[in-house]
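Peer 1:
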Amino acid sequence: MDSEKRCRYQTAMISTYCSDTSVLDPIVMLDGTEQSQDSDILTLLHSGKVFIVNSRRRNGLILFKQYHAEFAGPGAAVGGNYDCDCLWVLSIGNLSLLNPESNEERQKAYLIRRQWIRLIKQITENPVSGQRVHKIIDQFEQYFPSEMVTHLPDAAFALLVGVLPQTVSIVRRSGSEADS
């Protein structure tokens, strides 16, 4: 009987917490600007068509889902049924989306998307939240210029690796203090 009460309580607690929490409303860049092109990209993704992030550029998309975010880097497939639940996107770099020219190209893009997901999964398996934040920022700085990574919002990294935005902010501050 106690376990029944506990389960109901936990369910109510989770649903109340999640419904009141919206990290995405709105995603604003650190310089204070919202990216309007990102809403156009979201419309494209919801069209049902599959696109490929151009593998010849340093670009990518952070795809915000209801409770997490995913990164689709160069060569990854985006759109189609896979991203119909996407709530918002954040483009990184000079984004270029291509139409797949063949089924083989589309399959390869889906495999690359899986690789990006596995990379983030490996990072999130670390039980220490601060280390997850360090690792995801380090990974992004390997692909993109550090000044570009600096301008990405804390909420984006938080949803990628399952931490609070405040944790990202603390780690970023401590990292910049260590660099001084």
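The opening residue of the sequence shown carries number 23 in our numbering; numbering runs sequentially from there. Note that CB positions come from ideal geometry on N, CA and C, so glycine has one too.
What are the boundary residues of the alpha helix (DSSP H) that includes Ala-266?
Peer 2: Within the shown structure, residues of the chain are numbered from 23 to 202, placing residue 266 beyond reach of any answer.
Peer 1: Here's the rule I'm using: 16 or more other beta-carbon atoms within 10 Å means buried, otherwise exposed. How should Arg-81 be labelled?
Peer 2: Inspection of the sequence shows that residue 81 is occupied by Asn rather than by Arg. Counting Cβ neighbours within 10 Å, Asn-81 comes out buried, since at least 16 surround it.
Peer 1: Return yes when the Cβ of Met-170 is within less than 8 Å of the Cβ of Gly-17, no when it is not.
Peer 2: A query on residue 17 cannot be resolved here, the shown segment of the chain reaching from 23 to 202 and no further.
Peer 1: Find the nearest neighbour of Pro-149 within the set Val-193, His-90, Val-185, judged by alpha-carbon distance.
Peer 2: With distances taken between Cα atoms, Pro-149 lies closest to Val-185.
Peer 1: What residue from Asp-62, Arg-195, Lys-71 has the CA that sits closest to Leu-117's CA?
Peer 2: Closest option to Leu-117, Cα to Cα, is Asp-62.
Peer 1: Go ahead and label Asp-105 buried or exposed: buried means 16 or more other beta carbons lie within 10 angstroms of its beta carbon, across all protein chains shown.
Peer 2: With 16 or more Cβ atoms within 10 Å of its Cβ, Asp-105 is classed as buried.
Peer 1: I need the DSSP call for Phe-73, collapsed to helix, strand or coil.
Peer 2: Phe-73: strand per DSSP, three-state reduction.
Peer 1: Between the alpha carbons of Val-100 and Ser-196, how many angstroms are there, rounded?
Peer 2: Val-100 and Ser-196: Cα-Cα distance of roughly 34 Å.
Peer 1: Classify Ser-113 as helix, strand or coil using the three-state DSSP reduction.
Peer 2: It is a strand residue.
Peer 1: What does Glu-169 pair with, by DSSP beta-bridge criteria?
Peer 2: The partner list for Glu-169 (beta bridge, DSSP) is empty, contrary to what the question assumes.
Peer 1: Pick out the complete alpha helix (DSSP H) segments inside the region 141–187, 4 residues or longer, and give them in chain order.
Peer 2: Fully enclosed alpha helix (DSSP H) runs of 4 or longer: 151–165, 168–172, 176–183.
Peer 1: Using the Cα positions of Pro-122 and Thr-146, report the straight-line distance between them to the nearest angstrom.
Peer 2: C-alpha separation (whole angstroms): 30 Å.
Peer 1: Which residues mark the beginning and the end of the beta strand (DSSP E) in which Asn-81 is found?
Peer 2: Its beta strand (DSSP E) spans residues 81–86.
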